[in-house]
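Shown next, in structure tokens, is the structure this report addresses.
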Amino acid sequence: MKADAGEIELETTGLRYSSTSSQRYRIVEGDPLSACVEYRADFTFARDDWQVRTESLLVVTCDATQFRLDGRIAAYEGTEVVCERTWEEHIPRVAY
Numbered sequence: 451m452k453a454d455a456g457e458i459e460l461e462t463t464g465l466r467y468s469s470t471s472s473q474r475y476r477i478v479e480g481d482p483l484s485a486c487v488e489y490r491a492d493f494t495f496a497r498d499d500w501q502v503r504t505e506s507l508l509v510v511t512c513d514a515t516q517f518r519l520d521g522r523i524a525a526y527e528g529t530e531v532v533c534e535r536t537w538e539e540h541i542p543r544v545a546y
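Rendered as structure tokens:
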């Protein structure tokens, strides 16, 4: 599933904003532990001669004992990466 919000311009300031996002779901038939969700989102802001944007990705998978979240976000000024972070989180599966 993909979404593209197009570009919006605020006339009072000249600020332009755009965003895109996508979601992808995968699973192997008969193997529930193969489930994977991938979410991407990109946001751009621009005015006159400057532009900034973020690109983010989150992947969620699991095994028999835990859920795993792998994430990445990068911030750009023009074409230069000015900040980037990645992380991995493991969340125990608990049955109640």
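Under the numbering used here, the first residue of the sequence shown is numbered 451, with each subsequent residue one higher.
The beta carbon of each residue, even a glycine, is placed where N, CA and C say it ideally should be.
(message) If you follow the beta strand (DSSP E) that Y546 is in, where does it begin and where does it stop?
(response) Taking the first residue of the sequence shown as position 1, residue 546 is located at position 96. Element bounds for Y546: n/a, residue is neither H nor E.
(message) Less than 6 Å between C-beta atoms, sequence neighbours within five positions excluded: which residues of the same chain meet that for Y526?
(response) As a first step, residue 526 must be located in the sequence shown, where it is residue number 76. If we look at Y526 and ignore the five residues flanking it on each side, its Cβ neighbours are R503.
(message) On the DSSP bridge list, what partners appear for I523?
(response) What you label residue 523 is simply residue 73 of the sequence shown in a count that begins at 1. Its beta-bridge partners are S506, R535.
(request) Identify which residue in E530, V544, G456 has its Cα closest to the Cα of C556. (result) Here the chain covers residues 451 to 546 and nothing more, so residue 556 does not appear.
(request) If I'm right that A453 touches L483 with Cβ under 8 Å, what's the distance once you round it to whole angstroms? (result) The count along the sequence shown starts at 1 and reaches residue 453 at position 3. The count along the sequence shown starts at 1 and reaches residue 483 at position 33. Wrong, their Cβ atoms sit about 29 Å apart, outside the cutoff.
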